[in-house]
Amino acid sequence: MNSPYTIILGAEGELGRALAREVARKGCNLILVSTTAIDLQRFAIGLQLKHDIQVNAIKLDLANQDEIHAFIKNTKDQYEIRALINNITCDWSRGENKCISELSKDDFQTRFRGAALVTWSLLPQIKSLSSSFIQHIIPFPFRKEQFSADLQHSVAKMYAFTKELEEDLKQSSVSVSMVHPAPIKSIVKQMENIGRIFEEDILSLEPALIARKAINGMLKGDRLIIPGFRNRILFYLNRHATSWFRSVEESFDSGLQPSV
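Its first residue numbered 70, the sequence shown is counted upward by one per residue in the working numbering.
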């Protein structure tokens, strides 16, 4: 992954930080994008010193079109992007003890539209490299009742967007992958603390393991990455029952441009 940069959208949660550590360990420069008010500057400096790479931390309000366009322009002008990892849908902040979506100003739909606009706008630059990567972290409903209607809709849009990207870029040098991370241990433990014990505890994984599987799978060119053997079995058993997850969302005009 050498000198170009990897962007991680939604790097402020437990999984986002684990993804950043894994990318840094492989020697790639990073742009860490916090989509909430959480400041990643100290975390970025720590990665930079430990791995001798360049790490930039940026706050980006996905509900603010002006901020998004300024971020896109600065990124195009200053950096060569080798990989873009989208982790804005569902992650956990141990420091704040809340889901990242609860800490953001915008709802799931707005967060998705902002992330899709960033992806669309940077796609020409990403396609220009001899090899590059786009990865979407998309939670799968191992227990459907955990997903609110708004989150279901947003996840379905992300799934449709990923499949459309995959189809459009299959003849290009861009490898598109999606990760269904399964329950993250920090989230499951918090639900236990408030009296909501789920059977997924035995299926939950540490963020570092999920991140390692996600990044290694991305670099190998895997299109679907599901960390954990039991989780893979559950996915293939349950995927046809979750029609809202597999439905095609009409969220994009021709050319993959998001409706914003």
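Backbone N, C-alpha and C fix where the C-beta goes; we use that ideal spot for every residue, glycine too.
Item to check | Length-filtered (4 minimum) alpha helix (DSSP H) runs lying within the segment 131 to 205 | outcome: Listed in chain order, they are 134 to 147, 169 to 172 and 177 to 196.
Checklist entry - Between the C-alpha atoms of cysteine 97 and threonine 75, what's the straight-line distance to the nearest angstrom? => result Rounded to whole angstroms, cysteine 97 to threonine 75 spans 7 Å at the Cα level.
Checklist entry - For phenylalanine 140 versus isoleucine 127, is the C-beta distance shorter than 9 Å? => result Yes, the pair counts as a contact, with Cβ atoms nearer than the cut-off.
Item to check | Span of the beta strand (DSSP E) around alanine 229 | outcome: Here alanine 229 belongs to no beta strand (DSSP E); instead the alpha helix (DSSP H) covers 218 to 237.
Next on the checklist: For aspartate 160, tell me which candidate among Lys289, Leu306, Leu238 and Thr104 has the shortest Cα-Cα distance.
Outcome noted: Aspartate 160 has its Cα closest to that of Thr104, out of Lys289, Leu306, Leu238 and Thr104.
Checklist entry - serine 201 and arginine 151 look like a contact to me (Cβ under 8 Å); what is the Cβ gap, rounded to whole Å? => result Going by Cβ atoms, the distance from serine 201 to arginine 151 rounds to 5 Å, so yes, they are a contact pair.
Item to check | beta strand (DSSP E) segment containing alanine 128, residue limits | outcome: Per the sequence presented here, residue 128 reads as lysine, with alanine not at that position. Start and end: 124 to 128.
Checklist entry - Does the Cβ-Cβ distance between valine 102 and isoleucine 284 come in under 9 Å? => result For the pair valine 102 and isoleucine 284, the CB atoms are not nearer than the 9 Å cut-off.
Item to check | Where isoleucine 114 falls, given that 16 or more other Cβ within 10 Å makes a residue buried | outcome: Classification of isoleucine 114: exposed, given that the 10 Å Cβ count is below 16.
Checklist entry - When the Cα atoms are used, what is the spatial distance from valine 248 to proline 208? => result In a straight line, the C-alpha of valine 248 is about 8 Å away from that of proline 208.
Item to check | Anticipated Cβ contact below 8 Å, isoleucine 154 with glutamine 110, distance rounded | outcome: Taking the Cβ atoms as the reference, isoleucine 154 lies roughly 19 Å from glutamine 110, outside the contact range of under 8 Å.
Next on the checklist: For the alpha helix (DSSP H) containing isoleucine 284, name the first residue and the last one.
Outcome noted: Per DSSP, isoleucine 284 belongs to the alpha helix (DSSP H) from 276 to 289.
Item to check | Three-state secondary structure assigned by DSSP to leucine 78 | outcome: Strand.
Item to check | For isoleucine 100, the first and last residue of its enclosing beta strand (DSSP E) | outcome: In the DSSP assignment, isoleucine 100 falls within the unbroken beta strand (DSSP E) covering 98 to 103.
Checklist entry - Rounded to whole angstroms, how far is the Cβ of phenylalanine 177 from the Cβ of leucine 220, which I believe are closer than 8 Å? => result Indeed they touch by this definition, with Cβ atoms about 5 Å apart.
Next on the checklist: For methionine 287 and serine 246, which I take to be in contact (beta-carbon distance under 8 Å), what is that distance rounded to the nearest angstrom?
Outcome noted: Confirmed, Cβ separation roughly 5 Å.
Item to check | Between the CA atoms of leucine 293 and tyrosine 305 - distance to the nearest angstrom | outcome: When rounded, the distance between both Cα atoms is 12 Å.
Next on the checklist: Closest to lysine 142 by C-alpha separation, out of Ile107, Leu172, Asp175 and Leu186, would be which residue?
Outcome noted: Answer by Cα proximity: Leu186.
Next on the checklist: If contacts are defined as beta-carbon pairs under 8 Å, then glycine 183 and leucine 131 qualify, I think. What distance do you get, rounded to the angstrom?
Outcome noted: Between leucine 131 and glycine 183 the Cβ distance is about 3 Å, and since that is below 8 Å, they are a contact.
Checklist entry - To the nearest whole angstrom, what separates the beta carbons of isoleucine 100 and leucine 88, a pair I think is in contact under 8 Å? => result Not quite, the Cβ-Cβ distance comes to about 12 Å (not below 8 Å), so this is no contact.
Checklist entry - Among all the DSSP beta bridges, which residues are the ones paired with isoleucine 294? => result Val248.
Item to check | Backbone CA spacing between arginine 94 and asparagine 166 [nearest angstrom] | outcome: Rounded to whole angstroms, arginine 94 to asparagine 166 spans 26 Å at the Cα level.
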